[in-house]
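Peer 1:
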Amino acid sequence: MWVAPLPPDFLLLEFLSNSQHSTAPVQPPSTTTVISELNKDLATLALDEPSDSTERIFDESLGDEEDEGDNSVNTDVAQKETEELEAKALSENHQWLKTTLAQIVNDTTSRLKILCCYKDGHFWVRRQDPVFVLKHAALYLLPIFVWLPHYLPGHPDSFKCECGAKLILHGYNNNPIARRVSTLAGQDYFLLTNCFLGCGKHYQGSNPWIISQLPEFLRRVFPACLSTRGGLDMSELDVMKATFAGHSGTDPFSKMVPAFSKFEDPLGYAGYAILQDYVYDLVFSSSRSH
Numbered sequence: 006m007w008v009a010p011l012p013p014d015f016l017l018l019e020f021l022s023n024s025q026h027s028t029a030p031v032q033p034p035s036t037t038t039v040i041s042e043l044n045k046d047l048a049t050l051a052l053d054e055p056s057d058s059t060e061r062i063f064d065e066s067l068g069d070e071e072d073e074g075d076n077s078v079n080t081d082v083a084q085k086e087t088e089e090l091e092a093k094a095l096s097e098n099h100q101w102l103k104t105t106l107a108q109i110v111n112d113t114t115s116r117l118k119i120l121c122c123y124k125d126g127h128f129w130v131r132r133q134d135p136v137f138v139l140k141h142a143a144l145y146l147l148p149i150f151v152w153l154p155h156y157l158p159g160h161p162d163s164f165k166c167e168c169g170a171k172l173i174l175h176g177y178n179n180n181p182i183a184r185r186v187s188t189l190a191g192q193d194y195f196l197l198t199n200c201f202l203g204c205g206k207h208y209q210g211s212n213p214w215i216i217s218q219l220p221e222f223l224r225r226v227f228p229a230c231l232s233t234r235g236g237l238d239m240s241e242l243d244v245m246k247a248t249f250a251g252h253s254g255t256d257p258f259s260k261m262v263p264a265f266s267k268f269e270d271p272l273g274y275a276g277y278a279i280l281q282d283y284v285y286d287l288v289f290s291s292s293r294s295h
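Add 5 to the 1-based position in the sequence shown for the working numbering, that's all there is to it.
#1: Pull up the CB-CB distance for Gly176 and Cys200, whole angstroms please, since I reckon it's below 8 angstroms.
#2: Compare the Cα-Cα distances from Phe163 to each of Leu223, Tyr156, Lys171 and report the closest residue.
#3: What is the DSSP secondary structure of His207, counted as helix, strand or coil?
#4: Let me see if you follow: with CB-CB separation under 7 angstroms, is Ala190 close to chain C or not?
#5: Determine contact between the region 182-191 and the region 107-127, defined as no fewer than three beta-carbon pairs at a distance below 8 angstroms.
#6: With a 10 Å radius around its C-beta and 16 neighbouring C-beta atoms as the bar for buried, classify Trp101 as buried or exposed.
#7: Is it right to say Glu241 is buried, meaning 16 or more other beta carbons lie within 10 angstroms of its own, or is it exposed?
#8: When DSSP labels each residue in this structure, what does Cys121 get in the three-state scheme?
#9: Under a three-way DSSP split, which group does Asp238 fall into?
#10: My output table needs one value for His155: the three-state DSSP class, helix, strand or coil.
#11: Excluding the 5 residues preceding and the 5 following Ile173 in the sequence, name in chain order all residues of the same chain whose CB lies nearer than 6 angstroms to its CB.
#12: Does the beta-carbon of Glu88 have 16 or more other beta-carbons within 10 angstroms, so that it is buried, or is it exposed?
#13: Count the other CB atoms, across all protein chains shown, that sit within 10 Å of the CB of Ile119; report buried if there are 16 or more and exposed otherwise.
#14: Where does Ser232 fall in DSSP's three states?
#15: Check this for me: beta carbons of Gly236 and Pro154, under 7 angstroms apart or not?
#16: Given this structure, state the Cα-to-Cα distance separating Asp243 from Leu219, to the nearest angstrom.
#17: For Thr105 and Phe137, I'd like the C-alpha separation in whole angstroms.
Here it is in structure tokens:
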């Protein structure tokens with residue numbers, strides 16, 4: 006029977022205790038005794054060895070044969086999940102994989118038998134950068150954030166006017182169609198929403214009154230603080246609030262805003278700029294609403 010060895014601290018205490026009660030010198034065991042004890046230990050270890058060395062080899066086929074009937078459902082689920090993760094046959098990624106594989110086959114069956122990517126000194130096969138693929142105009146199209154409250158998951162059955170009456174859908178904006186939202190990183194976007202009609206009053210889908218009727222998880226994802234024709238991204242607004250709260254004014258924040266391109270540059274902002282007063286008003290308007 007195997008007995009766990011005593012910890013070193015316990016052995017040290019036992020040694021000190023014994024040394025206090027006995028001062029007689031301890032005779033070391035003879036060489037014959039040591040050799041005899043070692044032979045006994047080796048004989049014991051030999052009994053523990055497996056009789057057949059093949060017992061140490063793991064056969065993967067054994068695991069596949071066990072409980073095939075019980076695991077059939079789990080196997081089908083795993084197979085389905087694997088297929089869902091694979092690129093679809095008609096997808097762009099599938100075509101990209103087919104093209105890459107054809108190139109690899111061509112490289113490995115050519116006379117030189119050298120993969121193009123290995124020849125260039127790396128493992129990766131990457132797509133071309135969009136700068137070299139798309140037309141210049143397409144690179145400057147801003148993303149559009151679509152905010153239609155009545156299509157969002159978890160929306161109420163109907164939106165209410167401030168008087169309690171039911172609001173009705175009233176189309177979309179046309180001037181402007183969407184409001185441009187400024188961000189701290191300079192990657193602006195458009196926010197597009199719809200209109201509601203109440204008792205003689207129009208509401209934008211981005212109106213705080215409309216947003217307040219949505220569940221909290223939807224209210225939190227609304228990205229901007231808007232004015233009549235523009236807006237500031239919430240991340241930008243949070244930085245400005247912290248800057249203003251420290252009595253630093255607008256100067257530190259203005260240094261974070263990327264410089265605008267020339268007004269005559271057709272590929273830049275094309276004359277779009279934010280005034281300091283506009284930023285100031287939006288910050289304090291947002292603070293009052295919260």
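Ideal placement from N, C-alpha and C gives every residue a C-beta, glycine not left out.
Peer 2: Based on what the coordinates show:
#1: Here residue 176 corresponds to residue number 171 of the sequence shown, with the count starting at 1. Here residue 200 corresponds to residue number 195 of the sequence shown, with the count starting at 1. In this structure, Gly176 and Cys200 form a Cβ contact; the two beta carbons are roughly 6 angstroms apart against a cut-off of 8 angstroms.
#2: If you number the sequence shown from 1, residue 163 lands on position 158. Residue 163 is actually Ser in this sequence, not Phe. Measuring from the Cα of Ser163, the nearest candidate turns out to be Lys171.
#3: Translated into positions along the sequence shown, residue 207 becomes position 202. Reduced to three states, the DSSP call for His207 is strand.
#4: Reference to chain C is not applicable here, since this structure consists of a single protein chain.
#5: Touching, no, given that fewer than three Cβ pairs across the two stretches are closer than 8 angstroms.
#6: Working through the sequence shown from its first residue, we reach residue 101 at position 96. Using a 10 angstroms sphere on the CB of Trp101, the tally of other CB atoms stays under 16, which defines it as exposed.
#7: In the sequence shown, counting from the first residue as 1, residue 241 sits at position 236. Taking all protein chains shown into account, Glu241 has 16 or more neighbouring C-beta atoms within 10 Å of its C-beta and is therefore buried.
#8: For this step, residue 121 is matched to residue 116 along the sequence shown. Reduced to three states, the DSSP call for Cys121 is helix.
#9: For the purposes of this step, residue 238 is taken as the residue at position 233 of the sequence shown. Of the three classes helix, strand and coil, the one that applies to Asp238 here is strand, per DSSP.
#10: As a working note, residue 155 is residue 150 in the sequence shown. His155 carries a helical assignment under DSSP once its states are collapsed to helix, strand and coil.
#11: By 1-based counting over the sequence shown, the position of residue 173 is 168. Excluding residues within five positions, the ones whose Cβ falls inside 6 angstroms are Leu202.
#12: As a position in the sequence shown, residue 88 is number 83, starting the count at 1. Caution is warranted here: a pLDDT of 48 is assigned to Glu88, below 50, making its placement in the model unreliable, and no coordinate value can be reported.
#13: Translated into the one-based positions of the sequence shown, residue 119 becomes position 114. Label assigned to Ile119: exposed.
#14: Here residue 232 corresponds to residue number 227 of the sequence shown, with the count starting at 1. Reduced to three states, the DSSP call for Ser232 is coil.
#15: As a working mapping, residue 236 is identified with position 231 in the sequence shown. As a working mapping, residue 154 is identified with position 149 in the sequence shown. Judged by beta-carbon spacing, Pro154 lies beyond the 7 angstroms limit of Gly236, meaning their Cβ atoms are not closer than that value.
#16: Position 238 of the sequence shown holds residue 243. Position 214 of the sequence shown holds residue 219. When rounded, the distance between both Cα atoms is 22 angstroms.
#17: On the sequence shown, position 100 is the one that residue 105 refers to. On the sequence shown, position 132 is the one that residue 137 refers to. Annotation: Thr105 to Phe137 spans about 19 angstroms, alpha carbon to alpha carbon.
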